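Below is one structure, written out as C-alpha cells, with a few remarks after it.
In my numbering, the protein residues as written are 25 to 165.
Given below as C-alpha cells:
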C-alpha cells in the first residue's frame, strides 16, 4: 500500500461505487466538511447530504453526491457507508427540482412529526443536490 495515499471506499445499499487510493478525500460531515489524508486520526462521523471531493495532485478529480450516511476513518482508510450516492455529473437538475417539490408536498401533507422529519430530510437532500450541480456548473465541470 502506498503510504502517501489514503484508501477510499464508498458503499451504497446498491453497490460499491469507489475503492481506490487517493491523495486526499473531503467528506461532508454533519459538523462541517473534513479532509482525510494518510495518517489521519481514527474517527467515526455522521455525514450530511453533500459532496465528497476526491483529490489527486492538488486538484479535484471526482465529485460524488451522498444523501447522508456515516464515515469511518483510520490512518490508512476512509470508508463511507452512504444512504444514497451518485456521481455529481449524473445528477439532473430536473430530477433534483422534482425531488424538492415532492419533499415540500410531503411536508405540507405530513400528519405526524415523523412524517415531517422525513419530509425535511428529503428537502435537505434535494437542496444539497441542487447546490452540488450549481457548484459543478460554476466550476466548469
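C-beta atoms are modelled at their ideal positions from N, C-alpha and C, and glycine is treated no differently. As the structure is a computational prediction, the values presented were derived from the model and not from experiment.
Kindly list the residues whose CB is nearer than 6 Å to the CB of residue i, restricted to its own chain and excluding five residues on each side of it in sequence; keep chain order.
{"i": "residue 127", "result": "143, 146, 147 and 150"}
{"i": "residue 155", "result": "none"}
{"i": "residue 85", "result": "78"}
{"i": "residue 106", "result": "36, 90 and 93"}
Who are the near neighbours of residue i in its chain, counting only those whose CB is closer than 8 Å to its CB and skipping five residues on each side?
{"i": "residue 82", "result": "47"}
{"i": "residue 168", "result": "Outside the displayed span of the chain (25 to 165) sits residue 168, for which this structure offers no information."}
{"i": "residue 69", "result": "51, 53, 54, 55, 58, 94, 95 and 97"}
{"i": "residue 63", "result": "99"}
{"i": "residue 72", "result": "52, 53, 54, 92, 148 and 152"}
{"i": "residue 49", "result": "30, 32, 59, 60, 76, 77, 78, 79 and 102"}
{"i": "residue 45", "result": "25, 26, 29, 30, 31 and 32"}
If you reduce the DSSP assignment to three classes, tell me which class residue i lands in.
{"i": "residue 54", "result": "coil"}
{"i": "residue 85", "result": "strand"}
{"i": "residue 127", "result": "helix"}
{"i": "residue 44", "result": "strand"}
{"i": "residue 147", "result": "helix"}
{"i": "residue 133", "result": "helix"}
{"i": "residue 118", "result": "helix"}
Given a cut-off of 8 Å on the beta-carbon distance, is the pair residue i and residue j in contact?
{"i": "residue 120", "j": "residue 153", "result": "yes"}
Take residue i and list the residues in its own chain whose beta-carbon comes closer than 7 Å to its own, dropping the five residues that flank it on each side.
{"i": "residue 157", "result": "112, 115, 117 and 120"}
{"i": "residue 67", "result": "97"}
Who are residue i's beta bridge partners in DSSP?
{"i": "residue 157", "result": "DSSP lists no partner for residue 157."}
{"i": "residue 103", "result": "33 and 96"}
{"i": "residue 111", "result": "88"}
Quick one: is the Cβ of residue i within less than 7 Å of any heavy atom of the ligand ZN?
{"i": "residue 28", "result": "Looking for the ligand ZN in the displayed structure turns up nothing, as the structure carries no ligands at all."}
Would residue i count as contacting chain B if we go by Cβ distances under 8 Å?
{"i": "residue 130", "result": "The displayed structure is made up of one protein chain only, and chain B is not part of it."}
Inspect the CB distances between the segment 50-60 and the segment 89-98 and report whether three or more fall short of 8 Å. yes
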